[in-house]
Amino acid sequence: MIEQLDELYRDVILDHFKNPHRKGELPNAQIKAEGANPLCGDELTFYLTLADGKIGHARFTGKGCAISQASASMLAEQLEGKTVKEVARLIETMKKLMRGEAPDESVDLGDLESLAGVRKFPVRVKCAALAWNIVEQGLQNGVRM
8 MIEQLDELYR DVILDHFKNP HRKGELPNAQ IKAEGANPLC GDELTFYLTL ADGKIGHARF
68 TGKGCAISQA SASMLAEQLE GKTVKEVARL IETMKKLMRG EAPDESVDLG DLESLAGVRK
128 FPVRVKCAAL AWNIVEQGLQ NGVRM
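Number 147 in this note's numbering belongs to position 140 of the sequence shown; there are no gaps in the numbering.
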């Protein structure tokens, strides 16, 4: 059963890598945040619009390994419609998952849950976490276009 779950998660990650969701620039973005993982060569930029205290639209651009690109795709998909506080809870839940701690069950991770197996490979955790760290810093700093 665990092997089947691992295979399903691998398929979800590969699908987001090969067919990324919400990839592309967002010309009217109010927040632009970027970062890189020099260990793997990953580079990401997130573009966010805010409306009524919520993320209106989220897009990303970048290059890198399958894990970083899939994580960015999954996160961008999850961000839209969430408040900044909900995004903070989502990111904290992902960090707990990567540390092997019990995640907040009330937070819907969607496809992001497929990244749980990455924690077995500590060097790859940085690849998965790059997107979350960029969004977290962008929202905290309010980096504007």
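A virtual CB, placed ideally from N, CA and C, is assigned to each residue, including glycine.
{"Asked": "Option in K103, N44, I62 and G71 with minimal Cα separation from E84", "Found": "I62"}
{"Asked": "Residue from V91, K89 and R66 with nearest C-alpha to P27", "Found": "R66"}
{"Asked": "Three-state secondary structure assigned by DSSP to F128", "Found": "coil"}
{"Asked": "Distance between beta carbons of I20 and A79, contact taken as under 8 Å", "Found": "Contact flag wrong, Cβ pair sits at about 12 Å."}
{"Asked": "Span separating the alpha-carbon of E41 from that of S121", "Found": "24 Å"}
{"Asked": "Three or more C-beta pairs below 8 Å linking the stretch 139-151 and the stretch 94-106", "Found": "yes"}
{"Asked": "Cβ distance (whole Å) where M81 is taken to contact G31 below 8 Å", "Found": "Wrong, their Cβ atoms sit about 16 Å apart, outside the cutoff."}
{"Asked": "For E41, three-class secondary structure by DSSP", "Found": "strand"}
{"Asked": "Where D111 sits in the DSSP three-state scheme", "Found": "coil"}
{"Asked": "Cβ-Cβ separation, V114 to V125 (assumed contact under 8 Å), whole Å", "Found": "So it is not a contact: roughly 18 Å between Cβ atoms."}
{"Asked": "CB of E93 within 9 Å of CB of R29, strictly", "Found": "no"}
{"Asked": "Residue nearest to D22 in terms of C-alpha spacing, selected from G107, A109 and S75", "Found": "S75"}
{"Asked": "First through last residue of the alpha helix (DSSP H) which encompasses L57", "Found": "Careful: L57 lies outside any alpha helix (DSSP H), inside the beta strand (DSSP E) at D49 to A58."}
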